[in-house]
Ligand SMILES: Nc1nc2c(ncn2[C@@H]2O[C@H](COP(=O)(O)OP(=O)(O)O)[C@@H](O)[C@H]2O)c(=O)[nH]1
Ligand SMILES: [Mg+2]
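Numbering (this note's numbering), first residue to last: 1 to 329.
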């Protein structure tokens, strides 16, 4: 039924696993409904209303792909693949476009499916969170803290966004709720000093994971990047390998801006992972593919809501199936 899954014989499919938990599967599908309407349902309408595969159809296909925020590069890559398949006689009918698009999307994003498993021998495994203001960093930290705790890991977080007064409180509120220790100083403190203290504390308490929050906005973007570099340098003084993960959080709802942010942060602080937040309620989830195609950075998690439980490890097949099902009504 799912053609794209054939490539993954070696791996137990999360989609199968999820299907056995109907409540969660339904919530997942519902969260991605707007993205599905933007891509899957538009494509379905397109192929159902077409009589043959011709230039017009290809042009309309392009418009749908661009409209779903896949970006120019990904859209062109898909169009090229489709046109080649038509030439080779592998596509005869409009309906054959759907699985072709699906397969190409899978090829683009599957290499980015790499779950973040903290190396517990690090004590702590340090995760530095970066991203612009409002992207969802602090919320994602809470979600990750809960998830790793459930996996039996000892988690600590550092309130490195000392720029806004409310930022520290927000993290402390989550910390109380989830019973996770939060290392903080007063507003305006040096974030590098907070990170340094936190790493020392996490080390002495033999925590498994330390997640460091950071500010998303300073007076200028250059200041922000310099501050992040300083935080990283200071961590290295205690543990040469730290941070073990530099994770960018981007808001899916910002569409192609998320790609620009990924590009900028990657250049400044070299990212090792990305979490895409707020995929619930946005039609612009296609930007994940644009990021994957251009930067090829592991997509660790997707955020599907404001609660601590609304975080899922990124699963390429499940994601594609949710936004572009081939077995639609
Ligand atoms: N719907 C939804 N809202 C989110 C998600 N992640 C974060 N938010 C909300 O986005 C806003 C900004 O998040 P926050 O974590 O404070 O962003 P930060 O400035 O990067 O730390 C908050 O109101 C969060 O509740 C998500 O996955 N879905
Ligand atoms: Mg924050």
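Here a beta-carbon is modelled for each residue, glycine too, at the ideal position from N, C-alpha and C.
- Residue 275 is classed as buried because its beta carbon has at least 16 other beta carbons within 10 Å across all chains shown.
- Between the segment 139-159 and the segment 193-211 there are three or more C-beta pairs closer than 8 angstroms, enough to call the two in contact.
- Residue 137 has its CB nearer than 7 angstroms to a heavy atom of ligand 2.
- Under DSSP, residue 212 forms a beta bridge with 128 and 158.
- Where residue 284 is concerned, there is no enclosing beta strand (DSSP E), because DSSP gives it neither an H nor an E.
- For residue 303, the three-state secondary structure derived from DSSP is strand.
- Of the other Cβ atoms in all chains shown, 16 or more fall within 10 Å of the Cβ of residue 244; this residue is therefore buried.
- Residue pairing of residue 245 in beta bridges, as defined by DSSP: 127.
- Using a 10 angstroms sphere on the CB of residue 104, the tally of other CB atoms reaches 16 or more, which defines it as buried.
- The alpha-carbon of residue 246 is positioned some 5 angstroms away from that of residue 128.
- By the criterion of a C-beta distance shorter than 7 angstroms, residue 121 is surrounded by no residue of its chain, once the five residues flanking it on both sides are discounted.
- According to DSSP, residue 275 shares a beta bridge with 249 and 301.
- Here residue 237 is exposed: its Cβ has fewer than 16 other Cβ atoms, across all protein chains shown, within 10 Å.
- Annotated as proximal: residue 115 and residue 300, with beta-carbon spacing under 8 angstroms.
- Beta-carbon to beta-carbon, residue 141 and residue 213 are separated by about 6 angstroms, close enough to satisfy the 8 angstroms threshold.
- Annotation for residue 90: no alpha helix (DSSP H) segment contains it, and DSSP assigns it neither H nor E.
- In the DSSP annotation of this structure, residue 324 is not part of any beta strand (DSSP E), being labelled neither H nor E.
- A direct Cα-Cα distance of roughly 35 angstroms separates residue 315 from residue 197.
- Judged by DSSP in its simplified three-state form, residue 240 adopts coil rather than helix or strand.
- Around the C-beta of residue 223, fewer than 16 other C-beta atoms lie within 10 Å, and the residue is accordingly described as exposed.
- Inter-residue distance for residue 251 and residue 134 is about 8 angstroms (C-alpha atoms, whole angstroms).
- Excluding sequence positions up to five before and after residue 279, its CB lies within less than 6 angstroms of the CB of 252, 285, 302 and 304, all in the same chain and listed in chain order.
- Not one heavy atom of ligand 1 falls within 7 angstroms of the beta-carbon of residue 67.
- The three-state reading of DSSP puts residue 151 in coil, since its state is none of H, G, I, E or B.
- For residue 113, the beta-bridge partners assigned by DSSP are 299.
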